[in-house]
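Presented below is the structure to which this report refers.
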Amino acid sequence: MTATTPERPVATRPVAPSPRKRPTLTGRPGLGMLFVTPLAVIVIVLFLIPLGVLIFMSFQNWPLLGGPTPDGIANYQAIPDNTLFTGAIAFTLIYTVLATIVIFGVSFVLVAVSNSRRKGAKFYRTAFFLPYVVGTASAALIWFAAVNDQNGIANTVLQALGFGKGPWGFLDTPGQALFTTLTLVVWKFIGFQVIVLLVGLQAVPGELYEAARMDGASTMQRLRYITLPYLRPTLALLLILSITGSLLAFDQFQVLTHGGPDNSTITLVMAIYNTAFAKFDLGKAAALSIVLLIALVVLNGIQLMFLRAKEEK
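Structure follows, in structure tokens:
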């Protein structure tokens, strides 16, 4: 008998499991369209359709209590003769410049206070932001109750402190009305600016400030070479929001000044509103709205191009 040696089992290498493929949306266009559909419906219903109706109205002679009749470009040709609208352009530009400068200046001071590590900093942040929660129309009503000549608390306090014996007339002259409205706007919107700037400041790496201090950089140098470059996107956003919001100002003037005295505080949106619902001319109001929309798009486009060119440099 011959001895047989048992065969050794052949060693096999373990087969690595094939990597699991992750599902992607590139092969499922229907699923991607499903995600986009709600937003597309909102944009179509709330923006594109009303914009189309507005453009159609701007080429019509459309009284508020009547039907439309085609009028060509007559509504646009009548814009230079609309003294209410042309006067509102100058006033709105002045208000926009003043509001933007004042809000930015005050917000920088308040950010320096609320960004410190001292006790009470969180209280200041909350106090600065609380007025922003109040609606603009409600804030204007509060301000009117405080500054009116009959029983306003502002007149009472000033007289008690010895500043005059009679009412100050906060809304009696164009300058006083503008100043009073500016104080309302600063009180109402400054909290939003402060919170956004605080978020931008907290995103700046602290190591950069430490290295700059070790190199002997002064406070102004740290502000110029560290803080402002990092805050540039935040400042650009706030600038666009501030300018756009000021050009579209309506509630504060409608409630507080009613466009007075002598139509001196009528903004662009108020002029459009009066054209539609005081002069009962929807066609001309639509044409004015289209002009304002184009101006806003062009202005914001110029700002974005300018800021993008600065970032590329």
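Just so we're aligned, residue -2 is where the sequence shown starts under the numbering used here, counting upward by one.
Even for Gly, the Cβ is constructed at its ideal location relative to N, Cα and C.
Model, not experiment: these values are computed from the prediction.
If you follow the alpha helix (DSSP H) that residue i is in, where does it begin and where does it stop?
i, result
"residue 72", "71 to 74"
"residue 92", "80 to 111"
"residue 40", "26 to 40"
"residue 214", "Run containing residue 214: none; DSSP gives neither H nor E here."
"residue 271", "265 to 274"
"residue 122", "118 to 130"
"residue 180", "171 to 199"
"residue 149", "Per DSSP, residue 149 belongs to no alpha helix (DSSP H) and is neither H nor E."
"residue 53", "46 to 55"
"residue 239", "225 to 244"
"residue 250", "248 to 253"
How about residue i and residue j: do their beta carbons lie closer than 8 Å?
i, j, result
"residue 134", "residue 252", "yes"
"residue 181", "residue 92", "no"
"residue 200", "residue 222", "no"
"residue 262", "residue 250", "yes"
"residue 46", "residue 100", "no"
"residue 150", "residue 157", "no"
"residue 197", "residue 59", "no"
"residue 264", "residue 88", "yes"
"residue 122", "residue 195", "yes"
"residue 233", "residue 304", "yes"
"residue 146", "residue 171", "no"
"residue 61", "residue 247", "no"
Can you tell me the Cα-Cα spacing of residue i and residue j, whole angstroms?
i, j, result
"residue 72", "residue 55", "7 Å"
"residue 238", "residue 90", "15 Å"
"residue 297", "residue 291", "10 Å"
"residue 97", "residue 244", "11 Å"
"residue 254", "residue 152", "17 Å"
"residue 207", "residue 155", "47 Å"
"residue 109", "residue 235", "17 Å"
"residue 312", "residue 259", "The first residue shown for the chain is -2 and the last is 310, placing residue 312 beyond what the model contains."
"residue 120", "residue 131", "18 Å"
"residue 49", "residue 42", "11 Å"
"residue 202", "residue 211", "15 Å"
"residue 79", "residue 301", "31 Å"
"residue 270", "residue 213", "57 Å"
"residue 51", "residue 40", "15 Å"
"residue 299", "residue 148", "47 Å"
Determine the closest residue to residue i out of the options, with distance taken between C-alpha atoms.
i, options, result
"residue 112", "100, 126, 191", "191"
"residue 277", "63, 27, 143, 42", "63"
"residue 286", "31, 27, 53, 168", "53"
"residue 85", "304, 295, 268", "268"
"residue 141", "275, 229, 168", "168"
"residue 183", "123, 77, 102, 219", "102"
"residue 272", "81, 33, 49", "81"
"residue 177", "257, 77, 130", "257"
"residue 385", "225, 300, 299, 266", "Residue coverage of the chain in this structure runs from -2 to 310, which leaves residue 385 outside it and unanswerable."
Which same chain residues end up closer than 7 Å to residue i when comparing Cβ atoms and leaving out the 5 residues on each side of it in sequence?
i, result
"residue 75", "281"
"residue 22", "With a pLDDT of 46 at residue 22, under the threshold of 50, the predicted position of this residue should be treated as unreliable, and no value is reported."
Just to confirm my understanding: we take residue i, look at its own chain, exclude 5 residues before and 5 after, and list those with CB closer than 8 Å. What are they?
i, result
"residue 95", "175, 179"
"residue 125", "107, 111, 187, 188, 191, 192"
"residue 127", "188"
"residue 67", "56, 57, 58"
"residue 161", "155"
"residue 218", "209"
"residue 231", "193, 194, 196, 197"
Using a Cβ-Cβ cutoff of less than 6 Å, which residues in the same chain neighbour residue i once the five nearest sequence positions on both sides are dropped?
i, result
"residue 136", "185"
"residue 284", "55, 72, 73"
"residue 205", "223"
"residue 173", "167"
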